[in-house]
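Peer 1:
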Amino acid sequence: MLRKLVLSLIGAVLLFLGVVFIIASAAPGKVYRLPIGVLLTVVSLALFYLAFKPRPRIYEVKVTWSPGGKLSVEEFRCPKCGADLPPPKPGQEYIECPYCGATIKIVEEPLW
(Lines of atoms letter the chains of each structure in order from A and count residues from 1; the text may use other names and numbers.)
(Lines give C-alpha, C1' and ligand atoms only; values in the text may rest on other atoms or scores of the structure.)
Protein backbone atom coordinates (compact mmCIF):
# COMPACT_ATOMS: atom_id res chain seq x y z
CA MET A 1 0.00 0.00 0.00
CA LEU A 2 2.83 2.39 0.90
CA ARG A 3 4.65 1.44 -2.31
CA LYS A 4 1.58 2.31 -4.37
CA LEU A 5 1.22 5.68 -2.60
CA VAL A 6 4.89 6.65 -3.03
CA LEU A 7 5.00 5.65 -6.70
CA SER A 8 1.76 7.52 -7.37
CA LEU A 9 3.03 10.71 -5.73
CA ILE A 10 6.34 10.61 -7.59
CA GLY A 11 4.49 9.84 -10.82
CA ALA A 12 2.11 12.77 -10.32
CA VAL A 13 4.98 15.20 -9.68
CA LEU A 14 6.89 13.97 -12.74
CA LEU A 15 3.76 14.14 -14.89
CA PHE A 16 3.15 17.72 -13.79
CA LEU A 17 6.76 18.68 -14.55
CA GLY A 18 6.62 16.89 -17.90
CA VAL A 19 3.50 18.78 -18.95
CA VAL A 20 5.07 22.07 -17.80
CA PHE A 21 8.21 21.37 -19.86
CA ILE A 22 6.14 20.41 -22.91
CA ILE A 23 4.12 23.63 -22.66
CA ALA A 24 7.29 25.67 -22.06
CA SER A 25 8.86 24.23 -25.21
CA ALA A 26 6.32 26.16 -27.28
CA ALA A 27 8.18 29.41 -26.56
CA PRO A 28 10.41 30.51 -29.44
CA GLY A 29 13.97 29.20 -29.11
CA LYS A 30 13.14 26.82 -26.25
CA VAL A 31 12.61 23.61 -28.24
CA TYR A 32 15.25 21.81 -26.15
CA ARG A 33 12.64 21.56 -23.36
CA LEU A 34 10.41 19.23 -25.42
CA PRO A 35 12.54 16.03 -25.06
CA ILE A 36 12.87 16.67 -21.32
CA GLY A 37 9.09 17.06 -20.99
CA VAL A 38 8.42 13.91 -23.04
CA LEU A 39 10.96 11.94 -20.99
CA LEU A 40 9.44 13.09 -17.69
CA THR A 41 5.95 12.21 -18.95
CA VAL A 42 7.03 8.72 -20.08
CA VAL A 43 8.78 8.04 -16.76
CA SER A 44 5.69 9.18 -14.83
CA LEU A 45 3.44 6.90 -16.89
CA ALA A 46 5.82 3.99 -16.21
CA LEU A 47 5.63 4.72 -12.48
CA PHE A 48 1.83 4.79 -12.64
CA TYR A 49 1.90 1.43 -14.41
CA LEU A 50 4.17 -0.07 -11.74
CA ALA A 51 1.98 1.34 -8.97
CA PHE A 52 -1.35 0.10 -10.32
CA LYS A 53 -0.56 -3.10 -12.20
CA PRO A 54 -2.32 -6.10 -10.68
CA ARG A 55 -0.20 -8.47 -8.67
CA PRO A 56 -0.22 -12.09 -9.81
CA ARG A 57 -2.48 -14.31 -7.74
CA ILE A 58 -1.19 -17.57 -6.42
CA TYR A 59 -3.76 -20.32 -6.36
CA GLU A 60 -3.30 -23.50 -4.37
CA VAL A 61 -4.77 -26.48 -6.16
CA LYS A 62 -5.30 -29.72 -4.27
CA VAL A 63 -5.89 -32.81 -6.35
CA THR A 64 -7.37 -35.93 -4.80
CA TRP A 65 -7.92 -39.29 -6.38
CA SER A 66 -10.06 -42.15 -5.17
CA PRO A 67 -9.20 -45.44 -6.82
CA GLY A 68 -12.41 -47.23 -7.74
CA GLY A 69 -15.49 -47.97 -5.72
CA LYS A 70 -15.98 -49.44 -2.28
CA LEU A 71 -15.29 -53.07 -1.61
CA SER A 72 -18.29 -54.82 -0.18
CA VAL A 73 -17.91 -56.57 3.16
CA GLU A 74 -18.97 -59.95 1.75
CA GLU A 75 -15.84 -60.06 -0.38
CA PHE A 76 -13.65 -60.28 2.70
CA ARG A 77 -15.16 -63.60 3.74
CA CYS A 78 -14.44 -66.80 1.95
CA PRO A 79 -17.65 -67.99 0.22
CA LYS A 80 -16.63 -71.66 0.67
CA CYS A 81 -15.56 -71.89 4.32
CA GLY A 82 -16.67 -68.49 5.74
CA ALA A 83 -13.21 -67.60 7.06
CA ASP A 84 -12.01 -64.01 7.15
CA LEU A 85 -9.80 -63.11 4.21
CA PRO A 86 -6.74 -60.84 4.49
CA PRO A 87 -7.21 -57.32 3.06
CA PRO A 88 -6.30 -57.19 -0.63
CA LYS A 89 -3.30 -55.26 -1.91
CA PRO A 90 -3.94 -52.39 -4.35
CA GLY A 91 -4.43 -53.72 -7.88
CA GLN A 92 -4.87 -57.31 -6.73
CA GLU A 93 -7.65 -59.11 -8.65
CA TYR A 94 -7.71 -62.49 -6.91
CA ILE A 95 -7.21 -63.45 -3.30
CA GLU A 96 -6.58 -66.92 -1.91
CA CYS A 97 -8.23 -68.18 1.25
CA PRO A 98 -5.49 -69.18 3.73
CA TYR A 99 -7.72 -71.89 5.28
CA CYS A 100 -9.37 -73.80 2.43
CA GLY A 101 -7.18 -72.64 -0.50
CA ALA A 102 -10.11 -71.32 -2.59
CA THR A 103 -9.36 -68.52 -5.06
CA ILE A 104 -11.82 -65.62 -4.89
CA LYS A 105 -12.13 -62.85 -7.47
CA ILE A 106 -12.27 -59.34 -5.97
CA VAL A 107 -15.04 -57.25 -7.54
CA GLU A 108 -15.11 -53.47 -7.09
CA GLU A 109 -18.37 -51.57 -7.16
CA PRO A 110 -18.31 -48.71 -9.68
CA LEU A 111 -18.59 -45.11 -8.44
CA TRP A 112 -21.61 -44.21 -10.56
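Per this note's numbering, the very first residue in the sequence shown carries number 235; after that it's consecutive.
Ideal placement from N, C-alpha and C gives every residue a C-beta, glycine not left out.
Remember, predicted model here, so these are calculated numbers, not experimental data.
Is there contact between the stretch 270 to 286 and the stretch 240 to 252, where contact requires at least three CB pairs shorter than 8 Å?
Peer 2: yes
Peer 1: Taking the alpha helix (DSSP H) that Y283 belongs to, which residues open and close that run?
Peer 2: Here residue 283 refers to the residue found at position 49 of the sequence shown. Note, Y283: alpha helix (DSSP H), R267 to F286.
Peer 1: I'd like the span of the alpha helix (DSSP H) that includes I329, first residue to last.
Peer 2: For the purposes of this step, residue 329 is taken as residue 95 along the sequence shown, with counting starting at 1. First-last for I329: Y328 to E330, but that is the beta strand (DSSP E), not the alpha helix (DSSP H).
Peer 1: Across which residues does DSSP place I338 in a beta bridge pair?
Peer 2: As a working note, residue 338 is residue 104 in the sequence shown. Answer by DSSP bridge pairing, in chain order: I329.
Peer 1: Name the DSSP beta bridge partners of R289, please?
Peer 2: Locating residue 289 in the sequence shown gives position 55, counting from the first residue. None; R289 has no bridge partner.
Peer 1: In chain order, what residues of the same chain have a beta carbon less than 8 Å from the beta carbon of C347, not counting five sequence neighbours either side?
Peer 2: The structure shown does not extend to residue 347, since the chain spans only 235 to 346, so no value can be given for it.
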